[in-house]
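Have a look at the structure below before the remarks.
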Amino acid sequence: MAATALAATLAACGGGSDDGNNSGSSGGKAEKGGNAIFLVGVRNVEHWDPQRMYIGRDLNNSGRLFYRSLVALPASNDKVEGTTPIADLATDTGTTNDGGKSWSFTVRDGVKWEDGKEISCEDFKYGASRNFATDVIIGGPANYLFTYLDIPSGSDGLPEYKGPYNKKGQDLFDKAVTCDGKTITYRFKKAWPDFPLSIAQLRYMDPYREDLDKGDANNFAIISNGPYKLDGAWKEGTGGKFVRNENWDENTDPIRKAYPDTWDFREGDTDEAIYEQLLADSGDAQYSVTERRLPPALFSRKDEAGDRYTQVESPYVDYVLPNFNSPVFKDANCREALKLATDRAAWIKAGGGDQYFKSADSVINPSVPGYKSNPAFEAMGESGDPDAAKAALDKCSAPKPVKIKFTYSGGTPTSDKQASALKAGWDKAGFQTELDPLEDTYYSVIQKPDADFDVTWGGWGADWSSAGTVIPPLFDSRINLTGDSNGNDYGNYKGGPEVNQMIDDAYAEPDLDAAADKWSAVDAKLGEDVAYIPLEITIFNFVHGGKITGYANNISVNGYADLAVLGVQS
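Numbering (UniProt numbering), first residue to last: 1 to 570.
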């Protein structure tokens with residue numbers, strides 16, 4: 001899943017740091033009542049539509065407050081318990097009688113939407129169908145259903161079913177996903193043993209109301225089945241307030257404690273403004289949490305927060321990508337020059353140093369089983385190799401000086417400083433770099449196939465503990481490049497038949513160790529092609545308000561504040 005910004009990345013598997021820092025919980029026992037605040041900051045929510053969400057912060061928060069799924073992860077920081085699904089809207093964690101080639105779930109009795117209507121099997125079926133409308137439902141993790149669900153693909157490599165709006169191929173979907181009373185069954189082309197884990201980690205399989213679906217117009221509409229509902233409308237750039245949902249029954253929900261009476265989500269403040277408030281711990285800040293990271297300029301003041309300060313190593317990797325649609329980076333020599341000129345040490349120093357980052361040598365986080373360093377990057381110096389970069393750039397066919405535009409998630413002092421650090425390294429090698437910071441909205445811009453950039457930034461964490469949730473979502477052009485969007489393949493990489501076959505072989509490998517080796521081989525090929533350049537693994541530094549109770553940075557929510565169990569002093 002994707003990261004929110006250069007200054008705060010998000011992930012699917014979290015854990016405490018191993019350096020003795022506080023990695024976890026404080027604030028005393030949580031109780032019912034009071035009004036909590038979530039400070040979103042300047043990295044606005046881009047989607048509240050469950051089938052379009054793919055940013056970790058929003059997946060976590062929505063799943064703890066207003067969206068439920070068939071199964072979910074419990075509020076736990078235990079590495080086993082916190083990553084093992086439990087029943088949520090379903091009666092159990094699913095059944096399979098054929099090794100994972102099909103899965104069935106039965107919807108609980110007594111679970112309702114915010115308007116009191118019962119949640120039905122058909123709601124789950126309709127929710128799954130929306131993933132296939134790639135001209136409308138853009139941005140989410142539909143790639144998994146494209147890969148697994150038993151629907152044939154057309155000549156373009158995409159499923160012949162085109163979603164519920166035009167209903168082309170509807171009969172194919174209706175055979176793959178069926179309802180029998182309250183029981184839904186999904187049929188796959190090949191075994192998918194960890195399908196329940198994908199449901200628990202993401203929102204793309206959530207139920208959805210066909211009678212309330214307005215397509216793209218529903219991007220910020222929230223149809224709640226959890227403990228809170230949106231009071232009024234969500235306002236981009238401002239936020240929204242969530243109040244208790246009277247049609248949520250806590251007896252059907254084993255996860256969400258719903259302690260606060262309200263949640264006020266606030267967009268707009270800079271990281272610096274947020275943390276000046278949190279460090280002062282006065283007024284509304286006392287009742288606030290955030291996923292924004294403590295800015296490096298304020299790190300020396302962390303001790304002022306006492307046990308309100310927590311540090312957690314994330315499972316996310318930040319990286320940059322050359323745009324293969326760029327006239328410059330269609331040339332392999334230009335991409336090689338960019339790689340060799342990338343100064344990771346300067347990027348890390350500009351972002352706060354080793355309290356904020358660890359250098360990365362692959363887009364796959366070392367916490368993912370089977371991780372191996374990428375040979376294309378492991379021998380590359382932390383500061384790059386300017387002389388070798390100049391030599392590669394001399395072979396580049398682009399007109400000299402080689403002008404490039406770097407589009408990144410900017411607008412904060414830290415992110416702009418880091419971008420400038422990369423620019424300095426690239427320019428030293430002979431590039432002429434234009435910085436293009438995007439502030440309020442990021443992914444919906446760079447996901448446009450005709451986006452005007454030469455290099456861009458990305459941040460990614462495995463959707464669950466498999467490299468198969470990193471490589472294909474980011475670099476399988478068949479499931480990403482739909483014509484309406486480049487999905488998560490922000491650099492428009494097209495690996496062709498060789499890479500496609502390597503991905504298919506890794507997917508088909510039943511032995512987990514052998515599969516990990518095959519994913520590493522794909523990663524090595526991506527490195528050869530310079531499909532991406534890894535930067536670092538992010539370390540989270542958080543401060544929360546003094547009247548927050550039950551605070552926990554749980555592995556089940558990727559090391560973020562777990563809103564399922566958090567309360568406030570009323």
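Built from N, CA and C at the ideal position, the CB exists for glycine as well.
In this text the structure is predicted, and so the values were computed from the model without any measurement.
Close-in-space but distant-in-sequence residues of the same chain around residue i (CB under 7 Å, 5 per side omitted)
| i | result |
| --- | --- |
| Lys32 | Tyr259 |
| Asn333 | Ala392, Lys395, Cys396 |
| Gly110 | Asp249, Thr252 |
| Gly20 | Low per-residue confidence applies at Gly20: pLDDT is 37, beneath 50, and the placement is therefore not dependable enough to give any value. |
| Glu439 | Val42, Gly410, Gly411 |
| Leu535 | Asp318, Tyr319, Val320, Arg344, Trp347, Ala360 |
| Ala516 | Pro369, Gly370, Ala467 |
Neighbourhood of residue i by C-beta, 6 Å cutoff - its chain only, sequence neighbours within 5 removed
| i | result |
| --- | --- |
| Lys101 | Phe188, Ala191 |
| Lys372 | Ser520 |
| Phe542 | Thr310 |
| Tyr532 | Tyr319, Leu321, Val363 |
Chain-order list of residues whose beta-carbon lies under 8 Å from that of residue i (same chain, five-residue window excluded)
| i | result |
| --- | --- |
| Tyr183 | Note that residue 183 corresponds to Thr in the displayed sequence, not to Tyr. So the qualifying residues of the chain are Ser104, Phe105, Thr106, Val107, Cys121. |
| Leu340 | Met380, Gly384, Asp385, Pro386, Ala388, Ala389, Ala392, Ala429 |
Proximity to residue i [Cα-Cα], best of the options
| i | options | result |
| --- | --- | --- |
| Ile55 | Asn488, Asp511, Ser155 | Asn488 |
| Gly495 | Asp174, Val530, Ala515 | Val530 |
| residue 600 | Trp113, Pro295, Thr178, Val320 | Since the displayed the chain opens at 1 and closes at 570, residue 600 lies outside it and no answer follows. |
| Tyr204 | Leu145, Lys403, Arg244 | Leu145 |
| Val243 | Asp264, Lys257, Lys235 | Asp264 |
| Asn225 | Arg256, Thr238, Pro196 | Arg256 |
| Arg344 | Ala360, Asp331, Tyr356, Lys330 | Ala360 |
| Gly163 | Phe173, Asp156, Ser155 | Phe173 |
| Ser153 | Ser570, Thr238, Ile479, Pro366 | Ile479 |
| Ala305 | Pro327, Glu313, Ser282, Glu291 | Ser282 |
| Lys117 | Gly461, Gln501, Ser485, Asn247 | Asn247 |
| Phe329 | Phe453, Arg57, Leu158 | Phe453 |
| Gly351 | Asp307, Asp58, Pro413, Ile137 | Pro413 |
| Ala467 | Asn374, Gln569, Thr93 | Asn374 |
| Lys112 | Asp88, Gly94, Tyr186 | Asp88 |
| Leu353 | Ala376, Lys417, Leu338, Pro366 | According to the sequence as given, residue 353 is Gly; it is not Leu. Of Ala376, Lys417, Leu338, Pro366, the residue nearest in Cα terms is Lys417. |
| residue 592 | Glu378, Glu114, Ser198 | Since the displayed the chain opens at 1 and closes at 570, residue 592 lies outside it and no answer follows. |
Cβ pair residue i, residue j closer than 8 Å
| i | j | result |
| --- | --- | --- |
| Trp457 | Ser409 | yes |
| Ile128 | Thr134 | Checking the sequence, you will find Ala at residue 128 rather than Ile. In this structure, Thr134 does not lie closer than 8 Å to Ala128 by Cβ. |
| Pro401 | Gly430 | yes |
| Tyr126 | Phe324 | no |
| Val368 | Phe38 | no |
| Val455 | Leu298 | no |
| Gly34 | Ala285 | no |
| Pro315 | Asn61 | no |
| Ala445 | Ala75 | Reading off the sequence shown, one finds Val at residue 445, where the question assumed Ala. It is not a contact, given that the beta carbons lie outside the stated cut-off. |
| Ala419 | Phe406 | yes |
| Glu124 | Pro207 | According to the sequence as given, residue 124 is Phe; it is not Glu. Yes, the Cβ-Cβ distance between Phe124 and Pro207 is below 8 Å. |
| Ile539 | Gln277 | no |
| Tyr560 | Glu382 | no |
| Ser485 | Gln432 | no |
| Gly239 | Arg266 | yes |
| Leu70 | Ala90 | yes |
| Asn500 | Glu236 | no |
| Ala552 | Asn97 | no |
Secondary structure of residue i, DSSP reduced to three states
| i | result |
| --- | --- |
| Phe329 | coil |
| Leu93 | Note that residue 93 corresponds to Thr in the displayed sequence, not to Leu. Correct three-state label for Thr93: coil. |
| Cys179 | strand |
| Tyr443 | helix |
| Ser420 | helix |
| residue 573 | Outside the modelled stretch of the chain, which goes from 1 to 570, sits residue 573, for which no answer is possible. |
| Asp211 | helix |
| Ser359 | strand |
| residue 572 | Since the first and last residues shown for the chain are 1 and 570, residue 572 lies out of range. |
| Thr106 | strand |
| Gly430 | coil |
| Thr238 | coil |
| Gln51 | coil |
| Ile471 | helix |
| Ser282 | coil |
| Gly496 | helix |
| Arg266 | strand |
| Leu158 | coil |
| Pro437 | strand |
Any non-hydrogen atom of the ligand ATP within 7 Å of residue i CB
| i | result |
| --- | --- |
| Trp248 | As presented, the structure is devoid of all ligands, the ligand ATP included, so that no description of it is given. |
Proximity test, Cβ basis, 8 Å: residue i and chain B
| i | result |
| --- | --- |
| Pro315 | Absent from the structure: chain B. Only one protein chain is present. |
Is it a yes or a no for the region 218 to 237 touching the region 57 to 73, going by three-plus beta-carbon pairs under 8 Å?
-> With the rule of 3 Cβ pairs closer than 8 Å, the region 218 to 237 counts as touching the region 57 to 73.
Do the region 44 to 53 and the region 209 to 226 touch if we need at least three Cβ pairs shorter than 8 Å?
-> Contact between the region 44 to 53 and the region 209 to 226 is present: 3 or more CB-CB pairs across the two stretches fall below 8 Å.
Pair every Cβ in the region 502 to 512 with every Cβ in the region 269 to 287, then say whether three or more of these pairs are closer than 8 Å.
-> no
Between the region 522 to 539 and the region 468 to 476, do three or more beta carbon pairs fall short of 8 Å?
-> Contact holds: three or more Cβ-Cβ distances are below 8 Å.
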